[in-house]
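For reference, the structure discussed in these notes is given below.
4 protein chains.
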Amino acid sequence: MIRSETDIRVRYVETDAMRFVHHANYLAWFEMARIEMLDGLDMPYHKMEEEGYLLPVLKAELNYKQAAYFNDRLKVFCYVREKPRVRIKIDYEVFRHETLLCRGSTEHAFINKRGKPVRPVKSIMDTFAKAIDSN
Amino acid sequence: MIRSETDIRVRYVETDAMRFVHHANYLAWFEMARIEMLDGLDMPYHKMEEEGYLLPVLKAELNYKQAAYFNDRLKVFCYVREKPRVRIKIDYEVFRHETLLCRGSTEHAFINKRGKPVRPVKSIMDTFAKAIDSN
Amino acid sequence: MIRSETDIRVRYVETDAMRFVHHANYLAWFEMARIEMLDGLDMPYHKMEEEGYLLPVLKAELNYKQAAYFNDRLKVFCYVREKPRVRIKIDYEVFRHETLLCRGSTEHAFINKRGKPVRPVKSIMDTFAKAIDSN
Amino acid sequence: MIRSETDIRVRYVETDAMRFVHHANYLAWFEMARIEMLDGLDMPYHKMEEEGYLLPVLKAELNYKQAAYFNDRLKVFCYVREKPRVRIKIDYEVFRHETLLCRGSTEHAFINKRGKPVRPVKSIMDTFAKAIDSN
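If you want it as structure tokens, here you go:
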């Protein structure tokens, strides 16, 4: 399993008139978490884009348990449990200290610059496979 | 079943460097759609808030089928199929003409201003029940 | 002078924990307003991009007078007073009925796809000049 | 003079179809920078809100010099040069290494929870005055 950890400090702009964080921002936090997860595999997302792959989101699920507030210091944990094929599935948990605020997942396709789904090169697949096996 | 329809014109700020709409914006569009759905029931959301109810999102699911682009004219259809109890479930479809771009759902709790889940007053429940039955 | 008018209904996601609209959203509203202004000149922004021009913002100024709230119905007025050269200056006013909420301006350069400032083709310049003179 | 420094890593969601950062995000970055500036004075913004003060933006100016891109590591410098009275003026500079990307400023009023402009308590004023004098 791949596992990474990202620190978030809640921005004022992320709150709404209910006085807590607007639910759409968790998708942006998931995105930051998977970018840091890819960094940790030494396979930064901007390099994947330079090599011609995009990783658009095909599915997203979010389960909100508790509200987050301005200035909260959060941790977003990111997990890849299965080796990606044409798709990759990523799970997330957002915590404020011991409190789980949100649990979710996203699924992504590898596509090329013309928008066609592609199987990424072997080096990318091997990096995921190795990281999943070694933990 | 309750059904409503909301028109969206994609804003430039909603796109990202993949050149299509960032996936988080669909949650904002779902929100606009359910607000217009409540308008259609003559039960506007801001009035529900004034009466002491908030409707935070507990769950969200999104299935992205096709990308949306800057300047696209979209329709967001919003459906309530089951009478709400403490929770309400809403389904959404986003179309560009005949093309389905995204299908999703959200689940909400009625809570009071102190954040406690509550069963809303009978008049709100009756409005939903009547609208679901009559269509 | 060119003058256009754009209708906005404030989205929930645009509010923040102060309970009114976060100030950054006015820049997105200005953007919508100038896109509708260009529509009105029959020179839609997405076509300008297809022809190879981008109009990035070089300067922005905003003067906030009154807060906007969720669900407010606003009008954004957009004005071009001087013929553009390499730059174009646009003024904006945001009103809720008779109340001025915000006054601002943006300045833009015409650049090509490689990021170089360019003077746009004569047809674009002529369209602006004619529209400014005729009103 | 008060001076603070905030680190930003550009988020994917902050880019737009021009492939660089949408100009509205700089206002959110300025906001983060002034929140960290207040932290540095041991006068965190969320505490000021708890004590009954809000600091809404009355004016903002932005001068964009160079584009920022996804994944850029930026520094936002924040300066308070004059002692605040009913208003406070803050200047900002956004750098990528040695390159100035944006220079701007915001002006804020102290208001109370009912939206009335107020002069903040002496302890707040003294903290600003002392920090401005001591640097």
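From first to last, the protein sequence lines are chains F, B, C and D.
Counted from 1, the first sequence has number 20 at position 20 by this note's numbering; the numbering is strictly sequential.
Counted from 1, the second sequence has number 67 at position 67 by this note's numbering; the numbering is strictly sequential.
Counted from 1, the third sequence has number 91 at position 91 by this note's numbering; the numbering is strictly sequential.
Counted from 1, the fourth sequence has number 27 at position 27 by this note's numbering; the numbering is strictly sequential.
Backbone N, C-alpha and C define an ideal beta-carbon position, used for all residues, glycine too.
As the structure is a computational prediction, the values presented were derived from the model and not from experiment.
Residue i: first and last residue of the uninterrupted beta strand (DSSP E) it sits in
i, result
"Y64 (chain B)", "V57 to Y64"
"L100 (chain B)", "T99 to A109"
9 Å Cβ cutoff, residue i in contact with chain B
i, result
"F30 (chain D)", "no"
"V57 (chain F)", "yes"
Option in the options with minimal Cα separation from residue i
i, options, result
"T99 (chain B)", "B:Q66, B:L38 and B:K83", "B:Q66"
"V118 (chain B)", "B:A131, B:F70 and B:Y53", "B:Y53"
"S4 (chain F)", "F:F20, F:A33, F:E14 and F:R19", "F:A33"
"F20 (chain B)", "F:F77, F:D16 and F:V57", "F:V57"
"Y45 (chain D)", "C:I132, C:K122, C:M18 and C:R81", "C:M18"
"E51 (chain C)", "C:V86, C:F110 and C:C102", "C:F110"
"Y64 (chain F)", "B:N71, B:S123, B:E107 and B:M125", "B:E107"
"A28 (chain B)", "B:T6, B:P84, B:M43 and B:T127", "B:T6"
"G115 (chain F)", "F:L55, F:L38 and F:D72", "F:L55"
"S105 (chain F)", "F:F30, F:L74, F:P120 and F:F95", "F:F30"
"H97 (chain D)", "D:K83, D:K75 and D:L41", "D:K75"
"V121 (chain B)", "B:M43, B:Y12 and B:M37", "B:M43"
"R11 (chain B)", "D:D16, D:Y12 and D:R11", "D:D16"
"I88 (chain C)", "C:E36, C:A129 and C:E49", "C:A129"
"I124 (chain D)", "D:A24, D:V86 and D:R9", "D:V86"
"D39 (chain F)", "D:L41, D:N71, D:D126 and D:E36", "D:N71"
"I8 (chain C)", "C:R81, C:F77, C:D91 and C:E82", "C:F77"
"I35 (chain B)", "C:V13, C:C102 and C:R103", "C:V13"
"F95 (chain D)", "D:A131, D:K113 and D:Y69", "D:Y69"
"H22 (chain D)", "C:A60, C:E93 and C:M1", "C:A60"
"I132 (chain D)", "D:M48, D:P84 and D:N25", "D:P84"
"L41 (chain D)", "D:Y26, D:V80 and D:D91", "D:V80"
"L62 (chain B)", "B:R73, B:M48, B:E93 and B:E82", "B:E93"
"M48 (chain D)", "D:S134, D:R103 and D:N112", "D:N112"
Closer than 9 Å to chain D by CB, residue i
i, result
"E61 (chain C)", "yes"
"I124 (chain F)", "no"
"N71 (chain F)", "yes"
"L140 (chain F)", "The shown model of chain F, from 1 to 135, leaves out residue 140 (chain F), and the question about it has no answer."
"A67 (chain C)", "yes"
"I35 (chain F)", "yes"
Alpha helix (DSSP H) segment containing residue i, residue limits
i, result
"D126 (chain D)", "K122 to D133"
"K89 (chain B)", "No alpha helix (DSSP H) contains K89 (chain B), which is instead part of the beta strand (DSSP E) from R87 to R96."
"R119 (chain C)", "Element bounds for R119 (chain C): n/a, residue is neither H nor E."
"K75 (chain F)", "First-last for K75 (chain F): R73 to V80, but that is the beta strand (DSSP E), not the alpha helix (DSSP H)."
"E50 (chain F)", "Y45 to E50"
Chain F contact for residue i (CB, 9 Å cutoff)
i, result
"L54 (chain B)", "yes"
"L27 (chain B)", "yes"
"G40 (chain B)", "no"
C-beta neighbour in chain C for residue i, strict 9 Å
i, result
"A24 (chain F)", "yes"
"Y45 (chain B)", "yes"
(request) Determine which residues of the region 10 to 22 of chain D have a Cβ less than 7 Å from any Cβ of chain B, and write them out in chain order. (result) Y12, V13, T15, D16, A17, R19 and H22
(request) Compile a chain-ordered list of the residues in the region 74 to 101 of chain B whose CB is closer than 9 Å to at least one CB of chain F. (result) none
(request) Go through the region 2 to 42 of chain F residue by residue and report every complete run of the alpha helix (DSSP H) that reaches 4 residues or more, in order. (result) Counting only runs that start and end inside the region 2 to 42 of chain F, the alpha helix (DSSP H) elements of at least 4 residues fall at 25 to 40.
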